[in-house]
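For reference, the structure is listed below as structure tokens.
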């Protein structure tokens, strides 16, 4: 671990936005910081001064100023910027550094030709749609739901909804009916905006039946708006009582206005992956999201008016909400809707060339799939504009880092980051001031007081621990929807360490502040008291040419014995698991990791269950293997491949008791 793959240029403080922020701190606050660590230490110890500096440095547009920065620092329940009123959409649509005719949204899709919106066109679209929502009776506090992909209409709807002080929620149209209804029945939306379908690669996917079922299950709806995305000219199957998008966005002379709302007024509701039970409806506020995204996008990702910012995401993943804050720092956002592997894994890299992308964000599984396929992106696309690559969604192992520098570009900064839907950001990631080490997340983000804790609650350095956050962040949830006494919220994050946020990941923080995430703590393998993260396991197993995918679980022994370590592998087409391959996998694990990592059994399956955002589902697999019925182990609508669970249920029923 730790080969240096990229070093900041000597003039990084002159060229980067965080360098500009450091100069601003010196000039306006009389503060001087020798290095990033000193800046980070200040940002997490003097919360008032740090977060107020973010507010002032980025010149947040407020209707009434705050009476304080942090009036109560206790978690849960920290109260930020009391007295302030503002509006997220107003701050995004300011688009600093951009002229009216500058492109600020560049949208590519496998369903229709590309769409570009200039700054003036984006404001005009938001003005019209906000007026349309007003005509439908939408006011502050009402919920507007989008069953729609990563296209300009969804973005315009988010901004129009928030401009009114109403509350937005989106589900990607690949979500099944049950999954959508489980989310939206909790928040009772007033208006539904839905597409008729989409193309995934060259395959048309009609969603009109799903939209009808969703409407029937949501009695709170007063109007539905139809977006003719898959069938742009067809109106035959549009529900008679539905408005068209064109009607919602009709010409009007109503001005674009912004409803001032309190700092913690709900902006949107995001959901946990919903792998067990009902998805948690996580409420995020206007002010917290705005400040966090200004900080992260500008100071950590170094984005500004010269940038074209892309992240491969759907509207069902928090990275979409992160991406679309880009114009708040002046960046142009690049949207993509479709299959990233169509016609091949080079598609997104060619998109980067076509759109002039300067920051390319994706998931670790995508980068590793490109590596495994032997792809060399710089040979198939001109990536000379690219200066940043972002990776999240799962830990990126050292070989993933090396692949990026070998095949994408040597001068760009690779930023591996980790965070969550819960805070709608990364709390560990990269920063222009620090070098990139292979297999390592560079730093803890400004304002994020991240620590590793041992099982007895002691902070640890250089060893595996629970990832905790010991000081509040403005983008922590306002709460959960309908959780009036805050009990569900407290239980989700604060039941293990009172007053301290426990995130549910294993993390190791080294002496220089670098971080390694080794998987979810609730999916961790515990062999004889030694905790093993799953990420390193997959790195070795899936590094074999024969193995396409894998999932590993540890079944504890009630008697306190070693338990069983079970590995399930998906093999390359045409291959069957035999004893020779089992021995090869065991040998690789022993050599690369330790004898403790050798599974007791290895079995072949057709597919590994994953969420719609591609996360492996170790915990539901473990539950099924220990007797939990499939329907109770995971919410099928939240899975990309629910049929994959059946094999584990069959295995559990037929396997002899050990």
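Numbering (this note's numbering), first residue to last: 41 to 698. Even glycine gets a Cβ: it sits at the ideal position worked out from N, Cα and C.
Beta-carbon separation (whole angstroms), residue i vs residue j, contact threshold 8 Å
i           : j           : result
residue 460 : residue 543 : 7 Å
residue 120 : residue 303 : 6 Å
residue 581 : residue 638 : Not a contact, Cβ separation roughly 11 Å.
residue 658 : residue 593 : 6 Å
residue 395 : residue 431 : So it is not a contact: roughly 19 Å between Cβ atoms.
Residue j beta carbon less than 7 Å from that of residue i
i           : j           : result
residue 364 : residue 326 : no
residue 428 : residue 399 : yes
residue 169 : residue 289 : yes
residue 167 : residue 296 : yes
residue 129 : residue 191 : no
residue 307 : residue 324 : yes
residue 357 : residue 653 : yes
residue 235 : residue 188 : yes
residue 546 : residue 573 : yes
residue 617 : residue 641 : no
residue 374 : residue 353 : no
residue 282 : residue 266 : yes
residue 471 : residue 76  : yes
residue 347 : residue 371 : yes
residue 478 : residue 441 : yes
residue 366 : residue 350 : no
residue 434 : residue 404 : yes
Which residues DSSP lists as bridging residue i, in chain order
i           : result
residue 453 : 428
residue 549 : 555
residue 604 : 595
residue 464 : Residue 464 is not bridged to any residue.
residue 701 : Here the chain comprises residues numbered 41 to 698, so residue 701 is not present and cannot be evaluated.
residue 237 : 246
residue 446 : Per DSSP, none; premise fails for residue 446.
residue 375 : 147
residue 509 : 490 and 541
residue 120 : 110
residue 46  : 476
Span separating the alpha-carbon of residue i from that of residue j
i           : j           : result
residue 250 : residue 216 : 7 Å
residue 548 : residue 490 : 11 Å
residue 176 : residue 131 : 25 Å
residue 139 : residue 159 : 7 Å
residue 230 : residue 623 : 58 Å
residue 63  : residue 172 : 44 Å
residue 233 : residue 500 : 48 Å
residue 56  : residue 386 : 30 Å
residue 515 : residue 60  : 24 Å
residue 529 : residue 117 : 10 Å
residue 259 : residue 221 : 11 Å
residue 109 : residue 322 : 23 Å
residue 22  : residue 264 : This structure cannot speak to residue 22, because the chain is shown only from 41 to 698.
residue 68  : residue 93  : 9 Å
residue 426 : residue 620 : 43 Å
residue 465 : residue 517 : 12 Å
residue 526 : residue 183 : 21 Å
residue 585 : residue 410 : 13 Å
residue 79  : residue 608 : 45 Å
DSSP-derived helix/strand/coil call for residue i
i           : result
residue 150 : coil
residue 366 : helix
residue 178 : coil
residue 704 : No answer is possible for residue 704: the residues shown for the chain start at 41 and end at 698.
residue 500 : strand
residue 574 : helix
residue 202 : helix
residue 110 : strand
residue 644 : strand
residue 76  : helix
residue 589 : strand
residue 638 : coil
residue 303 : coil
residue 297 : coil
residue 349 : strand
residue 269 : coil
residue 420 : helix
residue 469 : strand
residue 615 : coil
residue 215 : coil
residue 59  : helix
residue 191 : coil
Residue i: CB within 6 Å of a non-hydrogen atom of the ligand COA
i           : result
residue 323 : No copy of the ligand COA occurs in the structure displayed, which carries no ligand at all.
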